[in-house]
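Data first, discussion second: the structure below is written as structure tokens.
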Amino acid sequence: MEIRAGHLEDAATVLNSVPELDAGVSLEQCHARLAGRTALVLVAYQNGEPVGAKIGYATSQTQFYSWLGGVAKAARGQGVAKALLKAQEAWVAASGYQTLAVKSRNRFTAMVCMLMRHGYQMVAVEQKGQPADYRLYFEKKINKCTASEK
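Its first residue numbered 3, the sequence shown is counted upward by one per residue in the working numbering.
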């Protein structure tokens with residue numbers, strides 16, 4: 003498996019194969035969300051084929067938001083999500099951000115467990131719909147410098 007900064011086209015291809023993303027994602031949505039922001043698009047490849055993706059962007063000088071990610075069903079259980087998470091964290095740290103923020107839902111238990119195993123802390127819950135759809139907000143301190151040092 004190879005993780006590299008990728009193209010939105012490859013990321014969208016993978017994300018549209020992820021059944022948990024009910025509505026899918028279009029390139030237009032991605033471009034609109036990332037417009038004018040410092041962004042990172044990571045794609046995991048196996049045998050030259052995209053099998054996982056993670057897209058994020060800066061929300062401030064000190065915080066980076068991991069907006070969207072997923073792994074194709076055929077590539078699950080092979081450490082793809084963990085590798086993408088670690089690659090994103092490394093880039094965020096090297097770029098000088100202090101915090102990495104993620105939003106998930108109760109129904110994505112594998113993601114919630116992975117975040118907690120890797121040092122993310124739940125900082126808020128948004129009750130929306132049924133409990134399985136509650137939005138869970140996580141953060142992880144990446145760099146512990148002050149804003150004036152950045």
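Ideal Cβ placement from N, Cα and C applies to all residues, glycine included.
These numbers were taken from a predicted model, which means no experiment stands behind them.
- Within the region 37-81, the complete beta strand (DSSP E) segments of 3 residues or longer fall at 41-48, 51-60, 65-73, listed in chain order.
- For GLN123, DSSP records a beta bridge to GLU141.
- Minimum Cα-Cα distance from GLY131 among the listed residues SER97, ARG107, LYS143 corresponds to ARG107.
- Of the candidates ALA112, GLY121, VAL104, GLU22, VAL104 places its Cα closest to the Cα of VAL127.
- In terms of Cα proximity to LYS142, the closest of GLN31, GLY79, SER68, ARG78 is SER68.
- Under the Cβ criterion (8 Å, minimum of three pairs), the region 42-61 counts as touching the region 14-21.
- The beta carbon of MET116 is closer than 8 Å to those of ALA83, LYS84, LEU87 in its chain, skipping five residues each way along the sequence.
- For GLU91, the three-state secondary structure derived from DSSP is helix.
- Within its own chain, the residues whose Cβ lies closer than 6 Å to the Cβ of VAL114, once the five positions on either side in sequence are excluded, are SER106, listed in chain order.
- VAL125 and THR111 have their C-alpha atoms spaced approximately 17 Å apart.
- Annotation: GLY38 to GLU4 spans about 28 Å, alpha carbon to alpha carbon.
- A direct Cα-to-Cα measurement between GLU11 and VAL27 gives close to 11 Å.
- Looking at the DSSP output, GLU128 shares a beta bridge with ARG137.
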